[in-house]
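Heads up, the sequence shown is in this note's numbering, so the first residue is 669 and it goes up one at a time.
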Amino acid sequence: MNASDAPLVVTCVGTGDAFHSGGRLHSCYHLMSADRQFLLDCGGSSTAGFARCGVDPEQIDALIVSHLHGDHFGGIPYLLLAGKYLHRRTRPLLCIGPDGLQRRVEQAFTALYPGVLEEGLGFEVTYRVLNPAAVLDVLGARIRCVPVVHGGGAPALGIRVEMAGRIVSYSGDTEWTEQLPILAKGSDLFICECFNYDQAAPGHLDYLTLMHEKERFDTRRLVLTHPGPQLLGRAGALELELLHDGARLRL
Ligand SMILES: [Zn+2]
């Protein structure tokens with residue numbers, strides 16, 4: 669990846685829904701400062717996205733997971749697998765997310781590649797629990813979260829990362845909640861999910877709701893992600909910016 673004079677570069681590795689609608693990859697955003705590389709979510713197809721976007725997974729210091737659906741965390745076993753066999757990774761990896769992340773990652777890894785975890789990966793993987801009552805200061809970044817309204821069998825979180833003097837807020841998946849303006853407040857970038865155009869879907873947002881509420885988001889740049897088929901059918905006529913896989917945002 670090329671160096672940039674921007675303090676923080678956000679690469680949209682995957683901006684799709686669970687169904688790969690429009691051929692988009694599962695949720696994954698790569699945050700790169702001068703000295704650290706983080707992921708926001710690591711959906712099941714993220715490994716393909718790393719190759720397409722020129723992201724070197726070996727250089728990732730930490731990943732932060734919004735909720736425990738496969739299109740948001742299902743790529744972690746493959747990241748760990750490649751670290752062991754392909755990259756012979758030595759760099760420690762920090763995994764941050766809702767309570768239950770470690771158990772779900774290890775269950776998924778064991779179901780997909782039995783016995784590999786028991787052999788050892790050859791690099792250190794540490795898990796930290798993120799919850800709305802806590803602020804995590806790790807690797808030069810400050811990470812907070814808010815509760816959002818979605819499934820996953822564990823708390824679903826909206827995430828806020830302060831890094832390199834910039835603030836990135838990310839809704840994860842959620843239907844409308846009054847937590848969203850709080851999450852977005854003062855951010856340089858607010859990545860907000862938007863699944864449908866005008867139909868309310870449980871656990872998800874729609875475009876007309878966001879158009880109605882957008883003035884409440886105190887952010888420098890609001891961008892939409894996670895579009896389903898209905899929203900993609902209107903993608904050419906949207907007033908709000910819709911991300912696409914491979915987009916690179918310099919903050
Ligand atoms: Zn989800």
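Quick reminder that beta carbons are idealized off the backbone N, C-alpha and C, glycines included.
Is it the case that the CB of residue i approaches a heavy atom of ligand 3 more closely than 8 Å?
i	result
residue 682	Within the structure as shown, ligand 3 is missing, the only ligands being ligand 1.
Can you tell me which of the options puts its alpha carbon nearest to the alpha carbon of residue i?
i	options	result
residue 914	732, 721, 713	721
residue 727	768, 718, 684	718
residue 745	729, 681, 704, 793	793
residue 732	827, 887, 846	827
residue 768	911, 677, 736, 751	736
residue 773	706, 795, 696	795
residue 849	823, 872, 830, 881	881
residue 876	835, 899, 675	899
residue 764	775, 811, 724	811
residue 902	867, 919, 872	867
residue 729	716, 758, 800	758
residue 896	865, 799, 879	865
residue 615	683, 741, 753, 752	The structure shown does not extend to residue 615, since the chain is modelled only from 669 to 919, so the question has no answer here.
residue 801	823, 684, 916, 743	823
According to DSSP, what are the bridge partners of residue i?
i	result
residue 831	834
residue 910	892
residue 874	864
residue 700	677, 705
residue 761	793
residue 695	DSSP, once it has assigned bridges, lists no residue as partnering residue 695.
residue 859	838, 891
residue 916	679
Exercise for the section: Would you check if there are 3 or more beta carbon pairs closer than 8 Å linking the segment 802-812 to the segment 857-874? Expected result: no
Problem - Check your reading: residues with Cβ closer than 7 Å to ligand 1 heavy atoms - result: 686, 735, 737, 739, 740, 818, 819, 820, 841, 871
Practice task
Write down every uninterrupted run of the alpha helix (DSSP H) in the segment 708-732 whose length is 4 residues or greater and which is fully enclosed by it, in chain order.
Solution key: 714-721
Practice task
Any chance you could list the alpha helix (DSSP H) runs of at least 4 consecutive residues sitting entirely within the segment 769-847, in chain order?
Solution key: 769-780, 784-787
Exercise for the section: Decide yes or no for the touch test of the segment 834-850 against the segment 814-821: beta carbon pairs closer than 8 Å, at least 3 of them. Expected result: yes
Practice task
Taking 8 Å as the threshold, find out whether the segment 678-696 comes into contact with the segment 777-786 through three or more Cβ pairs.
Solution key: no
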